[in-house]
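The structure appears below as structure tokens.
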Amino acid sequence: MSKIQNKTNDILDLLMKNEIHNLYTIIINQYSYETEILGQIVTAAREGMIHPSLMTPQELASTLKAIEQNIKKIYSIPMGTRRYEINEFQKITKIKIYYSNDRLVFDIVIPLIIDTELTLYRLTPVKMRHNQDNSSGWYMMDITYNNIAVTKGYKRFTTYTDQQLNECKETSIYKICNTPQPIQDNNERQPCEVQNFIKADTYANPELCTVKKINLKRSIYQKLKRKNTWIHAGKETLTVSCANLIDPFIIQTNEAGEIAINDISCQVFARDAVLTATEEIQITKYKDFTPVTNMSNILEKIPEHIHKFETDEKWEKGLAMQFTDLHDASKSLDEVQQMINQELSREQNQKHQFVHSNLLYVTIVLAVISIILIIAIYIMIKCKYIRSTEVMEFPGRIVRYRAPNRNDYVRNYEETPFTPPPSPR
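Start counting the sequence shown at 0; every next residue gets the next number (numbering that gives the first Met the number 0).
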């Protein structure tokens, strides 16, 4: 019996050892799994995401719905209350993670929005070519704001700088931006480019819009965002080449407009640029706003002397110019008039300087001639005087004749003694 008991104990010990080993293996595997999950949680938090092991998309959407009910009515959570919006929701949130009291704490910052949807426009004034009396000039409208966000009815608007737009949260649906500038009413006191959204004849008012003149020395191409379309201005010869065309064809452009490439296998070759189309991966189509205006009304009011005047703006070679860069290279009509006045003043000063220089030259010539005449007269007088005192030779003596002098008579008179007359007595 003792042997059986010993064998039984040995078997139980072996079974216990196997159980302990299996339990130890399970604990090690669980520890490794949880450590790996913890690393994934931290990595996801650094990327601004919540790991599904902490909160599933359904749980997060339910939590956001409960939070939204306690927010003031003028504010709302932009997205995330629906399960399919979680991926976009993570783009606009900021997640901070830190360790406190043996726990990982997640600090999630969610931006709140107001119920005002604005459409953002990047303003690009297209250059206009105006012909008058066999001469042509390029003009553009000056703008006050580069980026304008307007409401659906164009009744209100606000403005943004490029730096402020870079701070916006962008999703595939829309941008979420702060409003550093107040939302204003669009009325007749607003700048020209703002009123173009509600008035078609704004450009016809020269007091409201500022016209600028530019010396367009080369063609400019500016690509529209998310489109295979370029805004073009200038005189150019374009060569279009496509993969399915045997021979390229040529197009002449003299004005301003748009160049659109519908086939991505095509390229447009210009003198200083090559326009290459890319495959569009953007599903949402953005429609541009082009105001219906009549530029001829205001261009015809430009004086002829301003139209024919050429500005001397220098363009750096090799610089990729955009339409928005032309504000610094253009001049307003008042500035052009000032340049014309300065040019006229400079020409008048040159004319006066030329006249004064000629007068100076004439004065110098007259002075030289006068000096020469004085010297000639002096020489003639001296020669005459020498001839009047010439010497004559006689045999045995030399007699010098000279003109009688009054002093000789006076001296002889003084040397003769005075003899008084005899007395009558």
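Glycine included, each C-beta is placed from N, C-alpha and C at the ideal position. Owing to the predicted nature of the structure, the values given are computational and were not obtained by experimental measurement.
How about I112 and S75: are their beta carbons less than 8 Å apart? yes
Span separating the alpha-carbon of N28 from that of Y159: 55 Å
Ends of the alpha helix (DSSP H) at E67? 56-67
Tell me, please, which residues DSSP counts as bridged to C241. C265
Does the distance from the C-beta atom of E278 to that of I263 stay below 8 Å? yes
Just to check my reading of the structure: P272 and K126 have Cβ atoms closer than 8 Å, yes? What is that Cβ distance to the nearest angstrom? Reading the sequence as shown, one finds Ala at residue 272 and not Pro. That belief does not hold up - the Cβ atoms of A272 and K126 are roughly 16 Å apart, past 8 Å.
Beta-carbon proximity of T157 to P181, cut-off 8 Å: yes
Note the first and the last residue of the continuous alpha helix (DSSP H) segment covering N86. 85-91
Would A276 and I250 qualify as a contact pair, given that the criterion is a beta-carbon distance under 8 Å? no
Would DSSP call A276 helix, strand or coil? coil
From this set, Q57, E58, T80, which residue's C-alpha is nearest Q68's C-alpha? T80
Same chain, Cβ closer than 7 Å to A148, neighbours up to 5 away in sequence not counted: L117, T118, L119, F156, T157, Y159
R396 versus A375: straight-line alpha-carbon distance, rounded: A caution first: R396 carries a pLDDT of 48, below 50, which makes its placement in the model too unreliable to give a value.
Hey, would you say I36 sits closer than 8 Å to S52, going by beta carbons? yes
Hey, how far is the Cα of I378 from the Cα of H351? 40 Å
In chain order, what residues of the same chain lie with their CB nearer than 6 Å to the CB of G317, ignoring the 5 residues before and after it? Because G317 sits at a pLDDT of 48, beneath the cut-off of 50, its placement in the model cannot be relied upon, and the point is left open.
Cα-Cα, which of T238, A232, I370 is closest to Y138? A232
Mapping DSSP to helix, strand and coil, what is Q29? helix
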